[in-house]
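What follows is a short report on a single structure.
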Amino acid sequence: MSQHPDRFRRADAAILHHLAEERPTYVALVANRLGMPTDYAQRRIDRLVEDDLVEPVSEEVVYRITRRGEQRLAAYTDREGTPEPGLVAGN
């Protein structure tokens with residue numbers, strides 16, 4: 001677990017949902033699909049990696065959702081509904 005406290009954000013749920021629905025993919029493609037800046041998507045994905053919710057698949061840094069990520073997404077979806085693509089940065 002990360003040493004720095006940070007809450008799970010709507011952007012995190014959107015990233016996990018996208019990775020659960022799609023094959024492993026690049027940060028830039030995730031950011032584009034979700035309508036968020038690439039640097040913000042990278043920071044959130046780095047955080048999700050720290051929390052073992054997503055994992056890099058290859059040296060090309062392609063990500064996929066982990067079992068823990070699926071569980072976190074399910075809990076979020078039960079509480080908040082399915083995250084929609086669109087600008088979710090900062091939420």
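In the UniProt record's numbering, the protein residues as written are 1 to 91. Idealized CB from N, CA, C, for every residue including glycine. Predicted model only: the values in this text are computed from it and were never measured.
Contact belief for residue i with residue j at Cβ below 8 Å, rounded distance in angstroms
{"i": "R72", "j": "L16", "result": "7 Å"}
Pairwise C-alpha distance: residue j and residue i
{"i": "T77", "j": "E59", "result": "31 Å"}
{"i": "T25", "j": "A75", "result": "23 Å"}
{"i": "R7", "j": "P85", "result": "20 Å"}
{"i": "A28", "j": "T38", "result": "6 Å"}
{"i": "R47", "j": "E21", "result": "20 Å"}
{"i": "N32", "j": "H18", "result": "11 Å"}
{"i": "G81", "j": "R10", "result": "10 Å"}
{"i": "R43", "j": "V61", "result": "14 Å"}
Residue i (DSSP reduced to helix, strand or coil)
{"i": "V30", "result": "helix"}
{"i": "E55", "result": "strand"}
Top-ranked residue by Cα proximity to residue i, from the options
{"i": "D51", "options": "V57, T66, A28 and A31", "result": "T66"}
{"i": "A13", "options": "V57, P56, A41 and V61", "result": "A41"}
{"i": "R23", "options": "R43, E55, R44 and T82", "result": "E55"}
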